[in-house]
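Q: In my numbering, the protein residues as written are 2 to 129.
In structure tokens, the structure reads:
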């Protein structure tokens, strides 16, 4: 038997606010090794409260982990690939946003290309 370790993004609304012990339910064969919230690791104790958007690190055999992940949210696959269409759309939106300007007290105020790309990068990163 092989042990698999995967990160799962918690998306189920029904689990928001529950503790790990309450959410365990039918989670036989799966162990939560870590809970990550906003890039901070939280102890995976029975009383740890879950929030939507948490990343749970599940450990167990392949079938059990896949079953548990489907009940929690979706698996975050580690990859070295870049979605160039997504990146290109973000850059184009940033350039367009940077071209917008307005007048404030007789002075033209604009983000410029750099500021527009920064705002678009933050937006597209949040979407991702």
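Positions of the beta carbon are idealized from the N, C-alpha and C atoms, including for glycine.
Please say whether residue 111 and residue 95 have beta carbons closer to each other than 8 Å?
A: Numbered from its first residue, the chain shown carries residue 95 at position 94. Numbered from its first residue, the chain shown carries residue 111 at position 110. No, Cβ-Cβ distance for residue 95 and residue 111 is not below 8 Å.
Q: Which of the three DSSP states is assigned to residue 18 in this structure?
A: Taking the first residue of the chain shown as 1, we reach residue 18 at position 17. Coil, per DSSP.
Q: Determine the closest residue to residue 9 out of 74, 24, 18, 23, with distance taken between C-alpha atoms.
A: In the chain shown, counting from the first residue as 1, residue 9 sits at position 8. Of the candidates 74, 24, 18, 23, the one whose C-alpha sits nearest the C-alpha of residue 9 is 74.
Q: With distances taken Cα to Cα, identify the nearest neighbour of residue 19 among 7, 50, 44.
A: As a position in the chain shown, residue 19 is number 18, starting the count at 1. Measuring from the Cα of residue 19, the nearest candidate turns out to be 50.
Q: Buried or exposed: residue 59, going by 16 or more other Cβ atoms within 10 Å of its Cβ?
A: The residue labelled residue 59 in the question sits at position 58 within the chain shown. Counting Cβ neighbours within 10 Å, residue 59 comes out buried, since at least 16 surround it.
Q: Specify, as a first and last residue, the run of the beta strand (DSSP E) that residue 105 falls within.
A: For this step, residue 105 is matched to residue 104 along the chain shown. Run containing residue 105: 102-105, per the beta strand (DSSP E) assignment.
Q: Quick check on the DSSP output: the alpha helix (DSSP H) that includes residue 72 runs from which residue to which?
A: For the purposes of this step, residue 72 is identified with residue 71 of the chain shown, where counting begins at 1. Where residue 72 is concerned, the enclosing alpha helix (DSSP H) stretches over 63-73.
Q: Say whether the stretch 81-96 touches the stretch 61-68, bearing in mind that this needs 3 or more beta-carbon pairs closer than 8 Å, one atom from each stretch.
A: At 8 Å Cβ cutoff, the stretches do not touch.
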